[in-house]
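Below is one structure, written out as structure tokens, with a few remarks after it.
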Amino acid sequence: MITLMLAILAAWFIALFAGPAIYAAMGLAGFAFLFLTGIPGIVIPQKVAMAANSFPLLAAPLFILMGNLMNSAGISYRIFDFAKALVGWMHGGLAQANILGSVIFAGMSGSAVADAAGLGTVEIEAMKKEGYDGATAGAVTAASATIGPIIPPSLPMIVYGVAAETSIGALFLAGFVPGFLMAGALMVMVRYLAIRRGFPSHPFEGMHALWVAFRRAFWALMAPVVLFGGLLSGIFTPTEAAAVAVTYALILGLFVYREFRLADLPRLILDTVETTGVVMALVMTASLLGYCISVSRLPQEFGALVTSLTPNPIVYLLIVNVLLLVVGCFMEALAAMLVLIPILVPPALALGIDPVQFGLIFVLNLMIGTITPPVGVVLYVTAKVANVSFEAIVRATMPYLVPLFAVLAMITFWPPLTTWLPGLLLGR
Amino acid sequence: MAPGAVWKPMMLRRLTERAVDWLAIVTFSGMFLCVFAGVGFRYFLNSPLTWSDELGRYLFVWCAMLGWVIAARRRSHLAIGSVQDRTPPRVRAVLKLLAALVAVAFAAILCYYGVSITARNADVETPSLFFTIGLVYAIVPVAALAVGLHAIGDALAAVRDFGAPGKDTR
Chain A
1 MITLMLAILA
11 AWFIALFAGP
21 AIYAAMGLAG
31 FAFLFLTGIP
41 GIVIPQKVAM
51 AANSFPLLAA
61 PLFILMGNLM
71 NSAGISYRIF
81 DFAKALVGWM
91 HGGLAQANIL
101 GSVIFAGMSG
111 SAVADAAGLG
121 TVEIEAMKKE
131 GYDGATAGAV
141 TAASATIGPI
151 IPPSLPMIVY
161 GVAAETSIGA
171 LFLAGFVPGF
181 LMAGALMVMV
191 RYLAIRRGFP
201 SHPFEGMHAL
211 WVAFRRAFWA
221 LMAPVVLFGG
231 LLSGIFTPTE
241 AAAVAVTYAL
251 ILGLFVYREF
261 RLADLPRLIL
271 DTVETTGVVM
281 ALVMTASLLG
291 YCISVSRLPQ
301 EFGALVTSLT
311 PNPIVYLLIV
321 NVLLLVVGCF
331 MEALAAMLVL
341 IPILVPPALA
351 LGIDPVQFGL
361 IFVLNLMIGT
371 ITPPVGVVLY
381 VTAKVANVSF
391 EAIVRATMPY
401 LVPLFAVLAM
411 ITFWPPLTTW
421 LPGLLLGR
Chain B
1 MAPGAVWKPM
11 MLRRLTERAV
21 DWLAIVTFSG
31 MFLCVFAGVG
41 FRYFLNSPLT
51 WSDELGRYLF
61 VWCAMLGWVI
71 AARRRSHLAI
81 GSVQDRTPPR
91 VRAVLKLLAA
101 LVAVAFAAIL
111 CYYGVSITAR
121 NADVETPSLF
131 FTIGLVYAIV
141 PVAALAVGLH
151 AIGDALAAVR
161 DFGAPGKDTR
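The listed protein sequences correspond, in order, to chains A and B.
At position 4 of the first sequence (counting the first as 1) the number is 4 in my numbering, and the numbers step up by one without a gap.
At position 47 of the second sequence (counting the first as 1) the number is 47 in my numbering, and the numbers step up by one without a gap.
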């Protein structure tokens, strides 16, 4: 059965390059396994439908809605202007503001693509106007968009938490430190490149301008505060915190900034349901395929192989890092995550690796995968927004991979970076 | 579009699409209200509701399946398009046809088994609600049918592309 499963997975992986919907290919792979092993096909709708019958997973559509509402509430200009007033005087000012803006936006949106497409549009436009070339503007936007799913809320972490049976609240908290480290490391890289290549910069606009920009952005800046308050206090589960955050975003858009009206809600909800459908089609069919993978006993055999080869968790983490980076280059992040979780997580637990640390390593690897060729969703989006070729943006993004790899190495070798905050607040 | 001049199957299609959209909006809003009510009653009124989590989850099943349909209609399901983009038009049309057939096949499988699981759970009661698990499952064959129809549409478009390469209907 293991050979069969491996053959099916290999066929599925290759077939994907012909361009079928990933979920449909995943579902057919699951069906092929069930058919060939004689397991009744009725488990197909059962696994598919019941994958959505999960209260923690319900946080996903709510956070997608929150991101859509915040984007429609016209917060991107307010946030970017505030970031510009705060760090615009540094070397490569707008590039720095781009990164800081992404950090703030990361606190309200859980998807790198949403970050690149929403805030990214404003950032790239402003940077090009100041004399940056499109590729650089797009590259900074793409690199900083990977922070989005590391700082909570985070769509990939919700999916990881559900698929790997790890506390989503703990994963969320674990993302803070690595997220800020990524921002810091990227800002150092921008400074270095700004001095070498002479990125445009301008003087500090003064405390008054900063105060004005802060006041204009105040209610938008409070959105992450509301969300984190609920999460950090430990009172709300992520799903409940998401509902509260959606309520806040609704009030913000409808009554405070008045950028959308009640009549716009059906459209916003439909867009949210569409994105939910894209994500859930993967989650639901992956749940079927995951069931098949566990029936095939592939995880047990793989786990035995790993423990016989190395008892050292660091060695295993390095192997996982390399594997995920390679897979992340060729595969869409969510799909890769869902297929690899049932195989890679059990050995990690057997080796005594903290499940939360492992989750962060997993997610960060695949987020780096979204900005590496040949399959890099975020690169495609930013190339389109910046109006440059895919090849140009790939080249321009290369230097920004260095700081991201540095953070990846740090969280791999030093567990407290990810385990300290959840331990402190949740008493794990 | 004037009501009198509409070709009937087109009208049926528009009607079902409208129905899917509204059902999606209703289930999504219901789901949100369930979580919201759950939070409100638990933390602010100190009298937790027994049914809100469960109803929210079932609505999520419906909403996810409906989202699946809407994403199929808008062709936004994730796929690796980089190979297709680099092939000549006729090869691309063939790849698109194959891709559409994969979706048709899976939709057919899901629909077929979806009917039997719905029937099998028609009288299995939910823990705290008035309907049966069968109703939760009922969306699976319906949504699969709709996804399958959209995929058939994609397959036909790919065939047309093959006949008239260069005029990409996507």
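Note that CB positions come from ideal geometry on N, CA and C, so glycine has one too.
Taking A/ARG297 as the centre and dropping the five residues before and after it, the same chain places the C-beta of MET1 and ILE2 closer than 8 angstroms to its C-beta, in chain order.
Rounded to whole angstroms, A/PRO200 and A/GLU165 show a C-alpha spacing of 47 angstroms.
Taking one beta carbon from each stretch, the segment 76 to 96 of chain B and the segment 32 to 42 of chain B have fewer than 3 pairs nearer than 8 angstroms; the two do not touch.
Below 8 angstroms, enough C-beta pairs join the segment 57 to 68 of chain B and the segment 48 to 66 of chain A to call them touching: three or more. B/GLU125 sits in a strand when the DSSP states are folded into three classes. Against chain B, the beta carbon of A/VAL378 has no neighbour under 7 angstroms; the closest one sits roughly 13 angstroms away.
Interface with chain B (8 angstroms Cβ-Cβ cutoff): A/GLN357 is excluded.
According to DSSP, A/ALA21 shares a beta bridge with B/ALA79.
With contacts defined by Cβ atoms closer than 8 angstroms, A/LEU417 and A/VAL177 form a contacting pair. Look at B/THR132 here: in three-state DSSP terms it is strand.
When only Cα atoms are considered, B/ALA144 and A/ALA95 end up about 46 angstroms apart. In this structure, A/ALA281 lies away from B/LEU98, with their beta-carbon atoms at least 8 angstroms apart. Taking B/VAL20 as the centre and dropping the five residues before and after it, the same chain places the C-beta of LEU66, VAL69, ILE70 and ALA146 closer than 7 angstroms to its C-beta, in chain order.
For B/SER116, the enclosing alpha helix (DSSP H) begins and ends at 89 to 120.
Chain-ordered, the chain A residues with CB closer than 7 angstroms to the CB of B/HIS77 read ALA21, TYR23, VAL278 and ALA281.
Annotation: A/GLY134 to A/ASN387 spans about 7 angstroms, alpha carbon to alpha carbon.
Counting along the chain, A/SER296 sits inside no alpha helix (DSSP H), nor does DSSP assign it H or E at all. By the criterion of at least three beta-carbon pairs nearer than 8 angstroms, the segment 44 to 59 of chain B is not in contact with the segment 262 to 280 of chain A. Comparing alpha-carbon positions, the option among A/THR307, A/GLY88, A/MET189 and A/LEU309 lying closest to A/GLY206 turns out to be A/GLY88. A/ILE99 is positioned such that its CB atom lies no closer than 8 angstroms to that of A/VAL385.
If the five residues before and after A/PHE390 are omitted, its C-beta is found closer than 8 angstroms to the C-beta atoms of PRO373, LEU379, TYR380 and ALA383, all from its own chain and listed in chain order. Think of a sphere of 7 angstroms around the beta carbon of B/TRP68: the chain A residues whose beta carbon falls inside it are GLY277, MET280 and ALA281, in chain order.
Counting along the chain, the unbroken alpha helix (DSSP H) around A/LEU417 starts and ends at 416 to 426. Residue environment analysis places A/ALA170 among the buried positions, since at least 16 neighbouring C-beta atoms fall within 10 angstroms of its C-beta.
Per DSSP, reduced to three states, the secondary structure at A/MET410 is helical. Secondary structure at A/THR247: helix, using DSSP grouped into helix, strand and coil. At least one CB of chain A lies nearer than 8 angstroms to the CB of B/MET31.
In the three-state reduction of the DSSP assignment, A/TRP89 falls in the coil class.
Contact annotation for A/THR272 against chain B: PHE28 [CB-CB distance below 8 angstroms, chain order].
Counting other Cβ atoms within 10 Å of its Cβ, B/ASP123 stays below 16 and is therefore classed as exposed. In the three-state reduction of the DSSP assignment, A/HIS202 falls in the coil class.
Judged by DSSP in its simplified three-state form, A/VAL113 adopts helix. With contacts defined as CB atoms closer than 8 angstroms, B/GLU125 and B/THR132 qualify as a contacting pair. For the alpha helix (DSSP H) assignment, the uninterrupted runs of no fewer than 4 residues enclosed by the segment 6 to 60 of chain A are, from N- to C-terminal side, 22 to 37 and 43 to 50. A Cβ-Cβ contact shorter than 8 angstroms links A/GLY41 with A/PHE31. A direct Cα-to-Cα measurement between A/VAL162 and B/ASP85 gives close to 34 angstroms.
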